[in-house]
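Going down the list, the protein sequences come from chains A and B. Quick note: the first sequence uses this note's numbering, first residue 1, plus one each step. Quick note: the second sequence uses this note's numbering, first residue 1001, plus one each step. Each remark here refers to the structure printed beneath this line.
Protein chains: 2
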Amino acid sequence: MAHPIFKIPILVFLFLFTSIPSISSHPFDPLSSLEIQIVTSTVKSKFTNIAQRLTFHYVGIEDPNKPDVLSWVANPRSPPLPRQAFVVVRANKQTHEFIVSLANGKGSIVSEHVYQGTGFPTLTLQEQEEAIEVSLKHQPFISSIEKRGLNISDVVGSAFSIGWYGEAQSETKRIVKVLFFYKESTVNVWLRPIEGIETTVDLDDMVLTELKDIHVSVMPKSEGTEYQASTMRPPFLAETKPILVNQPHGPSFVVRGHTVSWANWDFHLSFDMRVGVVISTASIYDIDQQKKRQVLYRGQISELFVPYQDPTEEWYYRTFMDAGEFGMGSSAVALEPHHDCPSNAMFFDAYHAGQDGTPVKLENAYCMFEKYAGDIAWRHTEAVIPGELIREVRREVSLVIRTITVIGNYDYILDWELKKCGTIKLSVSLTGIMEGKTTTYKHESEVKEEIYGLLVAPNTIGINHDHFITYYLDLDIDGQENSFQKLKLKSFRTDGSTPRKSYWSVVSEEVKKELDARLRPTEPVELHIVNPNKKTAVGNKVGYRLIPGPMAIPLLSEDDYPQIRGSLCDYDIWVTPYNKSEKWAGGMYVDRGHGDKTLTQITEQNRDINNKDIVLWHTIGFHHHPSQDEFPIMPTLTGGFELRPTNFFDRNPILKMRSP
Amino acid sequence: MAHPIFKIPILVFLFLFTSIPSISSHPFDPLSSLEIQIVTSTVKSKFTNIAQRLTFHYVGIEDPNKPDVLSWVANPRSPPLPRQAFVVVRANKQTHEFIVSLANGKGSIVSEHVYQGTGFPTLTLQEQEEAIEVSLKHQPFISSIEKRGLNISDVVGSAFSIGWYGEAQSETKRIVKVLFFYKESTVNVWLRPIEGIETTVDLDDMVLTELKDIHVSVMPKSEGTEYQASTMRPPFLAETKPILVNQPHGPSFVVRGHTVSWANWDFHLSFDMRVGVVISTASIYDIDQQKKRQVLYRGQISELFVPYQDPTEEWYYRTFMDAGEFGMGSSAVALEPHHDCPSNAMFFDAYHAGQDGTPVKLENAYCMFEKYAGDIAWRHTEAVIPGELIREVRREVSLVIRTITVIGNYDYILDWELKKCGTIKLSVSLTGIMEGKTTTYKHESEVKEEIYGLLVAPNTIGINHDHFITYYLDLDIDGQENSFQKLKLKSFRTDGSTPRKSYWSVVSEEVKKELDARLRPTEPVELHIVNPNKKTAVGNKVGYRLIPGPMAIPLLSEDDYPQIRGSLCDYDIWVTPYNKSEKWAGGMYVDRGHGDKTLTQITEQNRDINNKDIVLWHTIGFHHHPSQDEFPIMPTLTGGFELRPTNFFDRNPILKMRSP
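Rendered as structure tokens:
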């Protein structure tokens, strides 16, 4: 089932939109298809006389101010907040930012601004396609392909962002490299690269500026690279019998507009073309206090940094920033019912703006489902009371919101999981195809040099790389003013009054400034976001604890350009005071950006974060040294982290959960 | 459904046992009820004239020699191996070890030995109960209870092992402390301790040797401590609608005796009174090689060390070694169908020996079920090929084996999960009741001293503690001779031929000796167990990788007695050459042991581990600083680790898994 709102004909929708405070008027509701049209028409009208291309790179909701959002959430029957859109276009080789008002269903420009800093906006899907097309039609390129004895009709391309390597801004052009792959006899093109040949395309002019025909590479065999079931021959893996999840009475969540209620949780669920799923204004109902209590104002991916570790000519620049360069939302793929999400899932469509400003529908862009994996929420068997059998068990049923983003070869399965106990679990699962590099080696024994990865098949190296994912988590724990506390677990010697010599205890440190919050834990520490103004009945500060995810130490030199741009992995944990404009761990304009507006610079302001509205940023990381078991498609590898209530409740909030 | 074998009447079983090579004759099959009877009768016949108690502390299978087991597994139609039992009894204040042969269905003693080292065997459940009873009937104790205005009939006790604090072995008696709790108006006795009063009981003599009546403690209110649904009053947490897992055609696993086949896995599933579930002789079918390949000879918990962090008089000694002191198997609780394991689970009973040698049946001691949590085994959507929609998704269905051990207040949910891709995932989930300490404080603002934990309710402190769990993993990767490799990820500077300045690469180190294998990773490293004698077609060593679990740095002083006994947490990773007698990370006899036969001493032999039959030991840890959300019963906290094939297969072993 698609999200119901998209089934309402446009006229009805217009009516809803313009005349009554509709149920879908949450301030963070994504722009509707109609709103996208209004916004982009409004912006286009500013550029009637330009000779060059006008391309839309971002169209999304302009967040209202936080106090306004919070008052609306406190009283959702009040009139909807004025809706505004934020737009980034490229025109006249400049990056233009607009804020467009949508008052009364009409577009009007509230502000416009030409961005002067380093870096360029997110690539559009269409310009990537055009850059490929320009290359494939370039006669010298065709000749180069023919020279290799390859068939031009079997050549496909992919546009690669190229990072920044110290050039002055005046010399930094908005260019990509197009690399080529061979689809003859396999769809697994990532393992059939045509190396030694590349084009450079200027995206603003949409012209090929360079063709490099460096060398003729080996073409690995296509045999064994296919992953489509339709191509497989026996023997097959022994099949297991069907296992079905069903909910005879339907799901327990209620979706109104983009607002979701499930069990004790209420939250807003949205989708953004840059980051994908956004969870906001999430609160949990406290049955003891008999009220909803705020937990998360906004949570989303901020950036995903993927540096490859081959420094040679054709690979060194592959150091992607997937959210800012390619768009985690616009690259979300349609989820396949029953497979990408289980049979009890509800699917949601989303809209984003195409390059020309027209709305593009992403079908099944995300899904939501209740999960029961056989796990236990809490239990105890009591054996100490003679003659009594005491056993209480509660099953763990949680709510999952999933989106899958595919950036070229890699598939990222991105889950939010909400538990009734108040825990929020975020996880990232990596699958898809590894990026193969061709080699003349067919056997490991021939390899006498650094190959920057592993020989995963004859003529194919899986190249070493990392994935660093930074989440932006604007926690508002029972209110906006929060503090970040490090609870350091320290060893102490005893006074000798018992035979015990030592113990550990907690030394709590309330972190006052941004720079002191930056952390890569090497000593035992618990990380709490607390509300110092709210205490439990026995006087503990209410809070949530971060149970960190896989933390990978970055291994690039500090002075290396990719590391400057990707400094989000310098620390695993960062805390900043809330500032509506600070959402981007790698900077807002990361394509070819100079890394001059990252979390490093943001936190160098060293602002107060004590008893303030603060944002937690958590970077999780995976070093990936490929293995053959991942050829030709990778079994999923999962990592994640938890935000867990810690003295948030006076007692176990699911104590009074009845067993079904 | 119970395990079928237990439904066969004894005569039939006898027939099976004595006359034909039965399907249940795997060398690691646990002792049957009948075998336990034969074994214990045989041992009892040696002690006909003793004046004192004869107590059975361990009765289990004596592992045959590994080469014999492996040849049997290679040819399971060959005659069963001779069956032997290993027995530990306490008699005449001595620890006796026996090996008893079960040839021809008769018991005969193969060897006997009086253990002379430090430490005592696992406590029996019965002697713990007797120690409590002796205390509760002790008149001065009753007077002490009455003095407090408490009702003796509402007092329950629990026996606490007391560790070792430097006494000479000659002075180390087999004693426990009995602590008391009040069951008036709540079953949650752990939060209603009667502190200030304790007894000491000599278990060999079963006499109370000391009553300490130190002070009269506060009794926290019972209100709010109950967790039984039957006691709850509204409001309840909003209920979610039913979610059902079912398998219309039944489960996909086949159980023959104690041998399990599921998907591409074959393994033996057993249960031991000291450690609980044991997975052994596990192999995976390789569809490319068209044969079964060995992965794990034996995997089990070795020890679970739980030091509390309150060094004061009544708490300092609480530094439990749950496997060796209490028995993780004998303390396994009956699993509740539909709740502890999902509706599609199969349940298995187990037998262990009671203190007097009679078989004790543990109903539903462990369960096995197929799990589908909505996860994805692998997927890819290919967007780079114009005009084609390519999307392949495979669902993740895995096999879980679960047991739950309750040691007093704590419930440990212990899962083994086998995946079709070859991954073995082990997880530990902690729930149950925290150990409460009484205090006069009712509010945090009154606390001006170290309380060694957190005030979780008025008059109740949750005491800081750790859980360190060591797994014994005798991996045999495609054969017995294996090596342990550290793949260190190191930063390198480039030669400057491209604008890139740095990259990381893998520097592989084959670890030669035990001492060099001990590791607490602080630098990026991949940990592989490889078979250096077997290579993939392109020449990589076949292997498995450990993706470590939560690693907690121990915080006790090195010279502190609990740390000496619990040195298993000095490192997260240890590797030893296989030796049938080396299974116990904390030593074989840990109750009151001196920590003189732990992994520390085992590895100090510094034997060769390169291209040898080796064992991986992995310690995962949790520092637990309690929180109010865990009162009066703890929402589950889970941690785990993975063993993942890494160049074990020539390619993705589930590539040819069909989508259902």
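Glycine residues also receive a C-beta, built at the ideal position from the N, C-alpha and C atoms.
Take the Cβ of residue i as the centre, count every other Cβ of all protein chains shown within 10 Å, and call the residue buried at 16 or more, exposed below.
i: Tyr-1143 (chain B); result: This sequence places Ser at residue 1143 (chain B); Tyr is not what is there. Label assigned to Ser-1143 (chain B): exposed.
i: Glu-523 (chain A); result: exposed
i: Val-207 (chain A); result: exposed
i: Arg-1658 (chain B); result: exposed
i: Phe-1648 (chain B); result: buried
i: Glu-642 (chain A); result: buried
i: Pro-653 (chain A); result: buried
i: Gly-387 (chain A); result: exposed
i: Gly-1408 (chain B); result: buried
i: Ile-1175 (chain B); result: buried
Mind listing the chain B neighbours of residue i? Cutoff is C-beta to C-beta under 7 angstroms, in chain order.
i: Glu-392 (chain A); result: Tyr-1227, Gln-1228 and Ala-1229
i: Tyr-165 (chain A); result: Pro-1499
i: Glu-444 (chain A); result: Val-1538, Gly-1539 and Asn-1540
In chain A, which residues lie less than 7 angstroms from residue i when you measure between Cβ atoms?
i: Leu-1555 (chain B); result: Leu-489, Ser-491, Trp-504 and Pro-524
i: Ala-1377 (chain B); result: Pro-635 and Thr-636
i: Lys-1420 (chain B); result: Leu-237
Would you mind telling me which residues of chain B sit closer than 8 angstroms to residue i, beta carbon to beta carbon, in chain order?
i: Cys-341 (chain A); result: Gly-1374
What in chain B is Cβ-close to residue i, meaning under 9 angstroms?
i: Pro-140 (chain A); result: The premise fails here: Pro-140 (chain A) is roughly 22 angstroms from chain B at the closest Cβ pair, so nothing lies under 9 angstroms.
i: Glu-130 (chain A); result: The contacting residues do not exist; Glu-130 (chain A) stays about 12 angstroms from chain B at best.
i: Asn-652 (chain A); result: Tyr-1227, Gln-1628, Asp-1629, Glu-1630, Phe-1631, Pro-1632, Ile-1633, Met-1634 and Pro-1635
i: Gly-408 (chain A); result: Ala-1383 and Val-1384
i: Tyr-182 (chain A); result: Here the premise fails: no neighbours, minimum Cβ distance about 11 angstroms.
Can you list, in chain order, the residues of its chain with a C-beta nearer than 6 angstroms to that of residue i? Leave out the 5 residues immediately preceding and following it.
i: Lys-1534 (chain B); result: Asp-1478 and Val-1542
i: Ser-1111 (chain B); result: Ile-1099
i: Ala-91 (chain A); result: Phe-47, Ile-50 and Leu-54
i: Thr-600 (chain A); result: Ser-567
i: Tyr-1410 (chain B); result: Gly-1432
i: Asp-1310 (chain B); result: Tyr-1452 and Ile-1463
i: His-1113 (chain B); result: Glu-1097
Using the beta-carbon of each residue, which ones in chain A are nearer than 9 angstroms to residue i?
i: Met-1219 (chain B); result: The contacting residues do not exist; Met-1219 (chain B) stays about 17 angstroms from chain A at best.
i: Asn-1647 (chain B); result: Leu-454, Val-456, Ser-627, Gln-628 and Asp-629
Take residue i and list the residues in its own chain whose beta-carbon comes closer than 7 angstroms to its own, dropping the five residues that flank it on each side.
i: Glu-450 (chain A); result: none
i: Gly-276 (chain A); result: Ile-301, Met-328, Gly-329, Ala-332, Thr-403, Thr-405 and Leu-414
i: Val-525 (chain A); result: Lys-486, Leu-487, Lys-488 and Leu-489
i: Glu-210 (chain A); result: Thr-199 and Thr-200
Using a Cβ-Cβ cut-off of 8 angstroms (strictly less than) and excluding sequence neighbours within five positions of residue i, which residues of its own chain qualify?
i: Gln-116 (chain A); result: none
i: Val-1511 (chain B); result: Ser-1483, Phe-1484, Gln-1485, Lys-1486, Ala-1517, Val-1575, Ile-1609 and Asn-1610
i: Gly-166 (chain A); result: Tyr-561
Closer than 8 angstroms by beta-carbon distance: list the chain A residues that pair up with residue i, in chain order.
i: Gly-1462 (chain B); result: Simply none; closest approach about 11 angstroms.
According to a CB-to-CB cut-off of less than 7 angstroms, which residues of the region 1618 to 1644 of chain B neighbour chain A? His-1623, His-1625, Ser-1627, Gln-1628, Asp-1629, Glu-1630, Phe-1631, Pro-1632, Ile-1633, Met-1634, Pro-1635 and Thr-1636
message = Counting only Cβ-Cβ distances shorter than 9 angstroms, please list the residues of the region 1359 to 1371 of chain B near chain A, keeping chain order.
response = Phe-1369, Glu-1370 and Lys-1371
Residues in the region 232 to 250 of chain A with C-beta within 7 angstroms of chain B's C-beta atoms, listed in sequence order?
Met-232, Pro-235, Phe-236, Leu-237, Ala-238, Glu-239, Thr-240, Lys-241, Pro-242, Ile-243, Leu-244, Val-245, Asn-246, Gln-247, Pro-248, His-249 and Gly-250
Determine, using beta-carbon pairs with one atom in the region 351 to 358 of chain A and one in the region 32 to 41 of chain A, whether at least three such pairs fall under 8 angstroms. yes
What residues in the region 1568 to 1594 of chain B bring their beta carbon closer than 8 angstroms to a beta carbon of chain A?
-> none
Listed from N- to C-terminal order along the chain, which residues in the region 1536 to 1550 of chain B have their beta-carbon within a distance smaller than 7 angstroms of any beta-carbon of chain A? Per Cβ criterion, the list reads Thr-1536, Val-1538, Gly-1539 and Asn-1540.
* Asked: When you check each C-beta in the region 279 to 309 of chain A against every C-beta of chain B, which residues fall closer than 7 angstroms?
  -> Result list: Ile-287 and Gln-309.
* Against chain B: residues of the region 321 to 335 of chain A by CB proximity under 7 angstroms -> Val-333
*asked:* Assess contact between the region 437 to 446 of chain A and the region 460 to 467 of chain A, defined as three or more Cβ pairs (one per stretch) separated by less than 8 angstroms. Is contact present?
replied: yes
Checklist line | Touch test, the region 379 to 397 of chain A against the region 610 to 621 of chain A, Cβ-Cβ under 8 angstroms, three pairs minimum | finding: No, they do not touch.
- Item | Cβ contact (3+ pairs, closer than 8 angstroms) linking the region 1125 to 1142 of chain B and the region 1291 to 1311 of chain B | no
ask   = Got a sec: which bits of the region 1425 to 1450 of chain B sit with their beta carbon under 8 angstroms from any beta carbon on chain A, in order along the chain?
value = Residues of the region 1425 to 1450 of chain B with a Cβ closer than 8 angstroms to any Cβ of chain A, in chain order: Ser-1429, Thr-1431, Gly-1432, Ile-1433, Lys-1442, His-1443, Glu-1444, Ser-1445 and Glu-1450.
Query raised in the report: Do the region 1632 to 1646 of chain B and the region 1548 to 1556 of chain B meet, that is, are 3 or more Cβ pairs less than 8 angstroms apart?
Result: Short answer: they touch.
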